[in-house]
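Number of protein chains: 4
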Amino acid sequence: MKPLGIGLIGTGYMGKCHALAWNAVAPVFGDVSRPRLAALAEASADLALQKAQELGFEKATGDWRALVTDPDVDVVSITTPNAFHPDMAIAALEAGKHVWCEKPMATALADAERMHDVARSSGKVAVLGYNYIQNPMMRLIQRLVSEDRIGEVNHVRIEMDEDFMADPEAFFYWKSEATSGHGALDDFGVHALSLITILFGGVRRVCGHMAKPFADRPLKSGGRRAVETYDIATILLELQNGASGLIALNRSAWGRKGRIFVQIFGSKGTIMYDQERMNEVQLYTTEAAPHVQGFSAILAAPQHPPYDKFIPAPGHGLGFNELKIIECRELMRRIAGEPAHIIDFETGIRIERTVDAIARSAHEGHWVDVAGSERRAAA
Amino acid sequence: MKPLGIGLIGTGYMGKCHALAWNAVAPVFGDVSRPRLAALAEASADLALQKAQELGFEKATGDWRALVTDPDVDVVSITTPNAFHPDMAIAALEAGKHVWCEKPMATALADAERMHDVARSSGKVAVLGYNYIQNPMMRLIQRLVSEDRIGEVNHVRIEMDEDFMADPEAFFYWKSEATSGHGALDDFGVHALSLITILFGGVRRVCGHMAKPFADRPLKSGGRRAVETYDIATILLELQNGASGLIALNRSAWGRKGRIFVQIFGSKGTIMYDQERMNEVQLYTTEAAPHVQGFSAILAAPQHPPYDKFIPAPGHGLGFNELKIIECRELMRRIAGEPAHIIDFETGIRIERTVDAIARSAHEGHWVDVAGSERRAAA
Amino acid sequence: MKPLGIGLIGTGYMGKCHALAWNAVAPVFGDVSRPRLAALAEASADLALQKAQELGFEKATGDWRALVTDPDVDVVSITTPNAFHPDMAIAALEAGKHVWCEKPMATALADAERMHDVARSSGKVAVLGYNYIQNPMMRLIQRLVSEDRIGEVNHVRIEMDEDFMADPEAFFYWKSEATSGHGALDDFGVHALSLITILFGGVRRVCGHMAKPFADRPLKSGGRRAVETYDIATILLELQNGASGLIALNRSAWGRKGRIFVQIFGSKGTIMYDQERMNEVQLYTTEAAPHVQGFSAILAAPQHPPYDKFIPAPGHGLGFNELKIIECRELMRRIAGEPAHIIDFETGIRIERTVDAIARSAHEGHWVDVAGSERRAAA
Amino acid sequence: MKPLGIGLIGTGYMGKCHALAWNAVAPVFGDVSRPRLAALAEASADLALQKAQELGFEKATGDWRALVTDPDVDVVSITTPNAFHPDMAIAALEAGKHVWCEKPMATALADAERMHDVARSSGKVAVLGYNYIQNPMMRLIQRLVSEDRIGEVNHVRIEMDEDFMADPEAFFYWKSEATSGHGALDDFGVHALSLITILFGGVRRVCGHMAKPFADRPLKSGGRRAVETYDIATILLELQNGASGLIALNRSAWGRKGRIFVQIFGSKGTIMYDQERMNEVQLYTTEAAPHVQGFSAILAAPQHPPYDKFIPAPGHGLGFNELKIIECRELMRRIAGEPAHIIDFETGIRIERTVDAIARSAHEGHWVDVAGSERRAAA
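Residue numbers (UniProt numbering), protein chains in the order written: chain A, 1 to 379; chain B, 1 to 379; chain C, 1 to 379; chain D, 1 to 379.
(1) Compute every distance between the C-beta of I349/C and the non-hydrogen atoms of the ligand SAH, then say whether any falls below 6 angstroms.
(2) Is it a yes or a no for the segment 338-349 of chain D touching the segment 337-348 of chain A, going by three-plus beta-carbon pairs under 8 angstroms?
(3) So, does the CB of P218/C fall closer than 7 angstroms to a CB anywhere in chain D?
(4) Does any residue of chain C have a CB that is nearer than 7 angstroms to the CB of P290/A?
(5) So that I know if they touch, is there some Cβ in chain B lying closer than 7 angstroms to that of M57/C?
(6) Below 9 angstroms on C-beta distance, what does H363/A contact in chain B?
(7) Please confirm whether I133/D and C101/D have their CB atoms less than 7 angstroms apart.
(8) For T234/C, tell me which candidate among F295/C, A24/C and I158/C has the shortest Cα-Cα distance.
(9) In whole angstroms, give me the CA-to-CA distance for F295/A and T11/D.
(10) Do P104/B and V206/B have their C-beta atoms closer together than 7 angstroms?
(11) On the DSSP letters alone, give me the boundaries of the alpha helix (DSSP H) that H363/A sits inside.
(12) Check the Cβ of G294/D against every Cβ in chain B and list those closer than 9 angstroms, keeping chain order.
(13) Classify V68/C as helix, strand or coil using the three-state DSSP reduction.
(14) Give the straight-line distance between the Cα atoms of D31/D and E54/A, rounded to the nearest whole angstrom.
(15) Using a C-beta cutoff of 7 angstroms, does Q263/A count as contacting chain C?
(16) Nearest-angstrom Cα distance between F171/A and S180/B?
(17) Taking the alpha-carbon positions, what's the D186/D to K324/A distance?
(18) Within the 7 angstroms Cβ cut-off, does Q275/B reach chain D?
(19) Interface residues of chain C around K175/B at Cβ under 7 angstroms?
(20) I'd like to know if P241/C contacts chain D, where contact means its C-beta is closer than 7 angstroms to some C-beta of that chain.
(21) Have a look at S122/C, P81/C, N82/C and A110/C and flag the residue whose alpha-carbon is nearest the alpha-carbon of H98/C.
(22) In chain order, what residues of the same chain have a beta carbon less than 6 angstroms from the beta carbon of R36/B, not counting five sequence neighbours either side?
(23) For R204/A, which of K51/A, S33/A, I351/A and N321/A has the nearest alpha-carbon?
(24) Could you tell me the distance, in whole angstroms, from the CA atom of P168/B to the CA atom of A289/A?
(25) Quick check on Q303/B - is its C-beta less than 7 angstroms from some C-beta in chain D?
(26) Can you find a CB in chain A that lies within less than 7 angstroms of the CB of T354/B?
(27) May I have the straight-line CA-CA distance separating L331/B from C17/B, to the nearest angstrom?
(28) Per DSSP, what are the beta-bridge partners of N250/C in this structure?
(29) Once you ignore the five residues that flank R334/A on each side, which residues in its own chain have a CB closer than 8 angstroms to its CB?
(30) According to DSSP, is M272/C helix, strand or coil?
(31) With a threshold of 7 angstroms between beta carbons, is H316/C in contact with chain B?
(32) Do you know how far the Cα of R256/B is from the Cα of A253/D?
(33) Using the Cα positions of L20/C and A166/C, report the straight-line distance between them to the nearest angstrom.
(34) Under 8 angstroms Cβ-Cβ, which residues of chain D neighbour L140/B?
This is the structure:
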């Protein structure tokens with residue numbers, strides 16, 4: 001069988017992460033042909049050439065439009081800043097390529113809706129880079145819920161905090177511009193929504209609040225510029241399953257580096273997870289005798305697939321980059337027509353609509369039905 | 001000097017806690033006369049007598065009204081269920097006694113307002129049992145903020161979770177009746193508000209949500225009864241200082257036993273605290289070199305007064321009951337006319353009004369100004 | 001019944017701790033008569049008088065010999081530096097008093113043996129202040145072992161670390177003098193041995209090593225003086241039950257404040273405990289399904305007696321001082337002829353002999369049978 | 001430049017780990033040519049062929065001797081059971097290949113000495129798979145020590161625990177046979193020694209103890225067979241730098257999955273590390289004001305090279321397999337004649353001699369000079 005031809009656009013943070021995944025997916029999983037790293041696009045031909053050599057791609061180009069029409073390319077990895085996603089994804093889909101696009105879909109809901117429409121009509125695989133759902137521990141959480149270990153879920157809290165915007169004297173850059181989106185909400189809050197979507201089927205009603213910890217930031221050119229995005233967001237939720245929920249997001253949270261703190265409360269137990277200790281899940285149940293009940297710290301192990309594909313010994317630890325390898329395998333499964341655990345544009349657009357509902361709620365000061373955003377989208 | 005005469009009403013959970021504090025305050029602090037444990041009231045004379053012997057009180061009575069007028073009594077500890085607080089506190093104040101009443105003030109705002117009015121006109125000391133603010137680690141947090149170690153505070157989250165209502169098959173009892181109040185919000189959410197009040201001066205606007213994890217509960221007499229109170233509450237906040245905030249409360253949170261998880265984010269650092277590890281404060285600042293920055297786990301020590309009054313060695317650990325001894329000392333300071341770190345009815349009524357605003361917000365589905373509850377109270 | 005008359009010698013760290021316990025034992029436990037705090041002795045009459053007032057004792061004296069013969073005194077709490085224990089304990093026992101003496105018994109084995117001999121012939125209760133064994137979590141550990149939750153214990157590690165000797169530029173004081181004993185080994189290593197004794201019946205063979213992290217220390221008078229004691233000790237063990245073991249002690253361990261880290265490995269599970277988080281026990285067993293096995297963090301709760309005597313709610317936390325209240329109750333039980341969970345001189349002397357064996361082993365560089373120290377004692 | 005030709009012997013746990021590293025080293029580091037995965041050897045030709053396809057190797061063979069003489073092979077990765085290491089490593093070196101051999105060198109010191117001798121005379125690069133020293137957090141520890149952040153190191157403790165031998169009813173297999181070595185000591189204790197060697201230059205004197213938690217184990221064929229190796233080892237140390245030390249090893253430690261717990265005590269601070277949370281280092285220093293001193297949890301970040309080669313964002317977490325990629329880069333550095341942070345046979349043989357000294361000490365019951373094993377080796 002002809003190997004899958006890969007085209008990569010972008011070689012920054014997530015671009016390199018995609019490249020590492022395409023390099024590793026075959027030897028890790030052992031049940032899939034090694035993809036052909038066909039072409040790489042960057043902002044300039046020179047940079048593209050250098051990165052292609054480093055990352056093992058055959059061809060290099062400074063023109064992403066050439067890449068998406070390259071006949072050697074079957075799948076396009078899109079890892080550029082969010083504002084570029086719509087044009088690239090739509091062009092790739094229209095050129096008959098599968099698309100693996102980093103989250104969020106776009107900086108405006110209308111663009112995301114267009115992406116979704118094109119994906120649907122293209123018949124191609126179009127999936128999003130929601131890597132955290134690929135963590136074997138996140139799958140364990142899903143399994144624990146479905147095994148009824150904590151009973152009926154009635155309350156969920158997800159916090160997501162990092163500190164890359166925490167320094168008030170860091171220079172103003174594009175993440176503080178309104179054109180980049182709402183702020184923490186879409187920049188990484190979509191990860192929280194991806195977990196809720198996978199675990200509980202999504203959100204029914206929302207009530208959001210967004211805040212700017214710093215009114216302005218210094219410009220490199222001197223002077224200061226008003227911040228236009230919201231580094232903090234807090235959201236009350238009613239989930240599809242009727243549970244009450246909460247999301248808190250802060251990208252100016254000093255000391256938090258990759259925190260995603262999840263608490264899931266049920267009628268028989270509680271699950272707790274912290275992405276900064278991504279190889280542990282905490283589980284409390286009422287099964288043991290009362291005097292020995294406590295939160296159990298479950299370490300990632302071969303019992304939690306696909307951890308076993310990486311390491312045969314328990315508790316030795318996967319890393320962040322390895323989640324992308326798992327996601328890559330799921331993408332390949334989907335392309336091969338097999339069942340896959342992955343967020344496609346069909347599910348992704350629901351996350352985008354929820355983001356939209358939250359932002360409207362924050363601006364209007366009351367609860368908003370997510371279905372409203374869905375209807376607006378349909379209109 | 002004549003020792004202070006103590007009258008204790010109630011000998012349950014917090015009643016015993018008060019009794020232990022009155023017994024220990026003099027030997028722990030060494031700078032105050034041993035109070036005279038004058039009288040104890042319980043529901044029956046027999047029970048009162050038994051408890052008086054156990055807890056070291058001279059007199060016992062089945063009639064709390066006798067206690068509050070007893071000339072040997074200078075201070076009345078009120079530790080009965082919340083619904084009894086108003087009558088007892090008002091009677092004691094009107095009899096010229098100082099009052100030490102457990103939180104919350106009452107189950108209805110109007111009652112709390114009456115208590116507040118009587119206290120003000122009585123000229124007596126009237127304080128509330130907000131013991132958590134007495135933790136030396138909570139004082140450390142206050143010090144860290146005032147020392148500017150984390151810069152300007154821009155975001156605060158407080159979670160308070162226990163599991164005493166977590167079992168859906170536990171029998172219906174008074175905490176599920178509407179007459180007991182709103183539920184988690186006033187039952188223990190007031191503790192979260194007490195911290196915010198002490199640390200940041202209170203709350204400006206609120207948007208709350210309250211949920212019932214279980215629609216009904218079994219009756220001992222057979223059948224089931226609909227639950228009338230809300231075991232879960234989640235609240236978006238705008239604090240007096242302009243920071244955004246969040247409170248999440250759950251008294252049906254399996255595995256949480258006495259969790260009060262506090263996160264305070266500032267422009268230069270972050271503070272974190274968990275009441276279940278009540279002798280630790282976590283502090284992140286940007287002072288150290290980047291490669292050694294991390295959350296520091298500060299253990300309670302003699303450097304954190306009044307820990308030193310209990311133990312001369314660091315890290316050996318205070319307990320929950322000892323917070324009440326500190327509170328007792330602060331009460332005695334206040335009675336002696338000295339500056340005291342304690343929540344009196346003046347501050348307490350602001351907490352009650354915030355509770356009221358949250359409850360209204362939850363019922364109405366939008367943001368509510370706390371000043372509105374204050375104005376309603378004034379009207 | 002006439003209340004028990006208490007005499008307290010010493011009002012420092014542990015002296016105050018004893019005083020607080022004598023004040024609190026009756027109201028906490030409710031099943032014992034309030035003791036009469038009869039007399040207090042300190043180094044001077046003035047200091048004694050001041051402390052008696054603070055701590056609630058009737059009489060004060062600068063002469064401990066007067067206290068031990070005072071007819072109002074039934075029990076003598078001995079809390080002075082270790083070198084004073086033998087004379088005081090022996091005098092008290094010979095005066096017909098019960099004795100509650102802080103650990104260790106003495107600074108030399110021969111003195112401890114004399115104390116043991118006198119206690120035996122006196123017929124009086126003579127117990128030692130090994131407070132850590134009174135922690136409800138330590139009793140839980142005992143229960144977990146006896147319930148066979150971790151199977152047959154085959155390996156034990158105990159670390160005990162504090163940092164009160166960690167600063168190399170702290171002035172030389174008596175703890176660095178050879179007359180104070182060996183160093184970390186007897187200063188606090190006896191606590192580790194007390195746990196092993198209670199849990200596993202003691203030690204069969206030992207191989208110890210002792211180290212001086214700092215060769216000398218500054219003198220207040222100028223110059224430096226060579227350190228004579230060992231702030232670090234490490235010990236290999238064979239326990240009475242055949243398990244292998246390890247003790248590591250360090251009183252110059254920066255950052256450790258009251259660490260006692262216990263790991264107990266068995267054929268079916270593992271127990272872990274850290275005194276700095278003294279309200280938690282960690283338990284791993286193989287009972288749950290493999291994919292949910294993990295260390296469970298059990299929080300102290302009313303299911304762990306006598307926690308329930310202090311607080312009816314779980315997870316609210318006992319403090320260090322409260323362990324002494326429990327010990328006090330056990331002492332009173334023993335005096336009343338009831339079964340008591342406490343280390344008396346009979347058991348305590350075995351700990352002292354083990355200390356002696358360890359010290360000899362460290363000096364001789366090979367394994368030593370504890371029975372050898374026992375035989376030497378008998379000779 | 002011709003790419004480096006790789007030959008891999010063995011495709012089990014560490015074999016796959018090597019293969020993943022060879023696949024990933026170029027795209028991760030970007031400064032090295034992609035190696036040519038030339039040949040793979042397994043126990044049978046069929047298995048070799050299957051694994052070669054999975055792991056991306058060109059040729060496959062059932063005869064490792066063919067691989068080590070294959071002209072396309074420049075470096076041989078040896079990942080077979082320890083007993084095979086000597087023959088393979090020596091054959092490869094004698095065939096003029098560089099060798100990357102998993103630890104420990106051999107199951108008998110004499111074999112390791114032969115390997116060392118051949119490596120020395122071969123002039124080829126011969127290094128060992130001590131992956132834990134490659135963790136950026138371990139390098140951070142090294143940096144913290146060399147920056148004098150904790151002052152002079154005076155005490156070190158390393159524990160290494162897993163539970164793959166913890167079930168007493170697991171079938172007897174080769175790890176319980178004397179031919180496999182001493183047991184926990186050489187099976188994984190060498191990792192602890194690798195850390196001590198890298199950080200402190202090695203060990204001067206040792207006093208060891210080894211224990212069998214289970215006397216026998218069931219045979220698949222029925223009946224039971226006596227266990228010949230020691231699953232538990234405990235060792236007192238005097239380090240080269242004069243510090244006292246301790247190693248505790250247990251491969252039957254229920255609940256421990258990949259624990260390597262390191263405590264390093266110095267005159268100004270303490271470092272703590274747990275491999276089960278491999279992206280964190282805990283640091284206590286006395287630099288901050290006393291009331292804010294505590295252990296800081298430093299999360300792995302780009303400030304800790306070569307973390308930055310994997311992820312540009314802090315706190316996102318490396319995994320176990322990624323340590324081998326770093327090791328692979330160091331090996332390539334060494335082959336290219338650049339300075340490399342890696343343990344070669346020269347250093348590795350010192351670890352083996354220390355193992356030998358510990359085992360002798362355990363059998364003889366007293367302290368042993370490591371130099372003795374070195375002299376024996378030289379004789």
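A virtual CB, placed ideally from N, CA and C, is assigned to each residue, including glycine.
To lay it out plainly:
(1) As far as ligands go, the structure on display features none, and thus does not contain the ligand SAH.
(2) Counting Cβ pairs under 8 angstroms, fewer than three are found: no touch.
(3) Under the Cβ distance rule, P218/C does not count among the residues neighbouring chain D, no pair being separated by less than 7 angstroms.
(4) Put simply, the CB of P290/A is near chain C, with a gap under 7 angstroms to one of its CB atoms.
(5) Per the sequence shown, the amino acid found at residue 57/C is Phe instead of Met. Using a Cβ-Cβ cut-off of 7 angstroms, F57/C does not count as an interface residue toward chain B, since no Cβ of chain B sits closer than that to its own.
(6) Taking a Cβ-Cβ threshold of 9 angstroms, none of the residues of chain B is close to H363/A; the smallest such distance is about 12 angstroms.
(7) Using a Cβ distance threshold of 7 angstroms, I133/D and C101/D do not count as a contacting pair.
(8) Among F295/C, A24/C and I158/C, the Cα nearest to that of T234/C belongs to I158/C.
(9) The C-alpha of T11/D is placed about 37 angstroms away from the C-alpha of F295/A.
(10) No; because the gap between Cβ atoms is not below 7 angstroms, this pair is not in contact.
(11) Taken as a continuous stretch (DSSP letters only), the alpha helix (DSSP H) holding H363/A covers F345 to E364.
(12) Simply E280, V281, Q282, L283, F295, S296, A297, I298 and L299.
(13) Residue state, collapsed to three classes: helix.
(14) For D31/D and E54/A, the distance between alpha carbons rounds to 7 angstroms.
(15) Taking Cβ atoms only, chain C never reaches closer than 7 angstroms to Q263/A, which makes this a no.
(16) So the alpha carbons of these two residues sit roughly 53 angstroms apart.
(17) Looking at the two C-alpha atoms, the distance is approximately 35 angstroms.
(18) It does not; no Cβ of chain D falls within 7 angstroms.
(19) Within chain C, no C-beta atom comes less than 7 angstroms from the C-beta of K175/B; the nearest is roughly 13 angstroms away.
(20) Here the sequence assigns Asn to residue 241/C, which means Pro is not the residue at that position. N241/C does not count as touching chain D.
(21) For the set S122/C, P81/C, N82/C and A110/C, the Cα lying nearest the Cα of H98/C is the one of S122/C.
(22) The answer, listed in chain order, is P3 and G5.
(23) Comparing alpha carbon positions, the residue from K51/A, S33/A, I351/A and N321/A closest to R204/A is I351/A.
(24) P168/B and A289/A: Cα-Cα distance of roughly 18 angstroms.
(25) Yes, its Cβ sits closer than 7 angstroms to a Cβ of chain D.
(26) Closer than 7 angstroms: no.
(27) C17/B has its alpha-carbon roughly 15 angstroms from the corresponding atom of L331/B.
(28) Beta-bridge pairing links N250/C to D161/C and I232/C.
(29) If we look at R334/A and ignore the five residues flanking it on each side, its Cβ neighbours are V125, V127, A340, I342 and D344.
(30) Strand.
(31) Output row for H316/C: interface = yes.
(32) Distance between the alpha carbons of A253/D and R256/B: 28 angstroms.
(33) Distance between the alpha carbons of L20/C and A166/C is about 29 angstroms.
(34) In chain order: H291.
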